[in-house]
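Numbering (the UniProt record's numbering), first residue to last: 1 to 85.
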Amino acid sequence: MFGGLGIYAEGKMFALAVDGEVYLKTDAAFAEALRHLGSRPFAYARKDGRVVTLSYWLLPDAAYDEPDMLADLSARALGIAGAQP
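This is the structure we're talking about:
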């Protein structure tokens, strides 16, 4: 498994922090929206060399300077996390 921290709200993991970067939980539509903002998915290499990509995408740089954007993106990620069992 990767070495990171899960970020939880309302009992759901909606983000993770790894190596100083924050990644948000996504579905296909949200991942596409984040891709257009310059984001990329979280991926890590297993011990056997295979790369695992998770449904978490990097928080766009602009969100660090725009609190409303950060709140909106985080709320969307939390909604996605809450919709999954």
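Heads up, the beta-carbon is just placed ideally off N, CA and C, and yes, glycines get one too.
Three-state secondary structure (DSSP) of residue i
i          : result
G6         : strand
residue 89 : This structure gives no information on residue 89, because the portion of the chain shown stretches from 1 to 85.
L34        : helix
Integer Cβ distance of residue i from residue j, believed to fall under 8 Å
i   : j   : result
V22 : A33 : 16 Å between Cβ atoms; not a contact.
R76 : F42 : Not quite, the Cβ-Cβ distance comes to about 17 Å (not below 8 Å), so this is no contact.
G6  : M13 : 4 Å
G24 : Y56 : The sequence given here places Leu at residue 24; Gly does not occur at that position. Contact flag correct, Cβ pair sits at about 6 Å.
Segment limits, beta strand (DSSP E) that includes residue i
i   : result
A45 : 41–45
L58 : 51–58
Whether residue i touches residue j by CB criterion (8 Å)
i   : j   : result
S39 : L58 : yes
Nearest residue (CA-CA) to residue i, options the options
i   : options            : result
D61 : V51, K47, R35, R50 : R35
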